Amino acid sequence: MKDFSEDCVLVVLASEHYDESDYIRDYNKFLEAVK
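Residues 22 to 56 in my numbering are what the sequence shown lists, from first letter to last.
Structural data, given as C-alpha coordinates:
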(Lines of atoms letter the chains of each structure in order from A and count residues from 1; the text may use other names and numbers.)
(Lines give C-alpha, C1' and ligand atoms only; values in the text may rest on other atoms or scores of the structure.)
Protein backbone atom coordinates (compact mmCIF):
# COMPACT_ATOMS: atom_id res chain seq x y z
CA MET A 1 0.00 0.00 0.00
CA LYS A 2 1.33 3.39 -0.87
CA ASP A 3 0.45 7.01 -1.50
CA PHE A 4 -1.59 7.55 1.67
CA SER A 5 -1.76 10.89 3.42
CA GLU A 6 0.25 11.32 6.63
CA ASP A 7 -2.90 11.35 8.78
CA CYS A 8 -4.56 8.40 7.05
CA VAL A 9 -5.89 5.45 9.06
CA LEU A 10 -6.02 2.08 7.31
CA VAL A 11 -8.28 -0.62 8.76
CA VAL A 12 -8.07 -4.21 7.56
CA LEU A 13 -10.59 -6.83 8.66
CA ALA A 14 -10.12 -10.53 7.94
CA SER A 15 -11.79 -13.72 9.06
CA GLU A 16 -8.47 -15.59 9.40
CA HIS A 17 -4.78 -14.88 9.91
CA TYR A 18 -2.71 -14.39 6.75
CA ASP A 19 -0.84 -17.53 5.75
CA GLU A 20 1.68 -17.09 2.93
CA SER A 21 1.45 -20.79 2.04
CA ASP A 22 -2.26 -20.39 1.16
CA TYR A 23 -1.39 -18.34 -1.93
CA ILE A 24 -0.11 -19.45 -5.32
CA ARG A 25 2.70 -17.13 -6.44
CA ASP A 26 3.58 -18.98 -9.65
CA TYR A 27 1.26 -18.69 -12.66
CA ASN A 28 2.10 -22.17 -13.98
CA LYS A 29 1.25 -23.68 -10.58
CA PHE A 30 -2.02 -21.75 -10.70
CA LEU A 31 -2.84 -23.21 -14.10
CA GLU A 32 -2.20 -26.71 -12.76
CA ALA A 33 -4.42 -26.07 -9.74
CA VAL A 34 -7.42 -24.93 -11.80
CA LYS A 35 -7.42 -27.89 -14.19
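Beta carbons are placed, not taken as given, at the ideal position from N, Cα and C, and that holds for glycine.
Computed from a prediction, not measured in an experiment: that's the story for all the values here.
Could you tell me the distance, in whole angstroms, from the CA atom of residue 54 to the CA atom of residue 40? Here residue 54 is taken as the residue at index 33 of the sequence shown, counted from 1. Here residue 40 is taken as the residue at index 19 of the sequence shown, counted from 1. The straight-line gap from Cα to Cα measures roughly 18 angstroms.
Under the assumption that residue 25 contacts residue 31 (Cβ atoms under 8 angstroms), give the Cβ distance between them as a whole number of angstroms. Stepping through the sequence shown from its first residue, residue 25 is reached at position 4. Stepping through the sequence shown from its first residue, residue 31 is reached at position 10. Yes, residue 25 and residue 31 are in contact; Cβ-Cβ is about 7 angstroms, under 8 angstroms.
In the DSSP assignment, the alpha helix (DSSP H) including residue 48 goes from what residue to what residue? If you number the sequence shown from 1, residue 48 lands on position 27. Where residue 48 is concerned, the enclosing alpha helix (DSSP H) stretches over 48-54.
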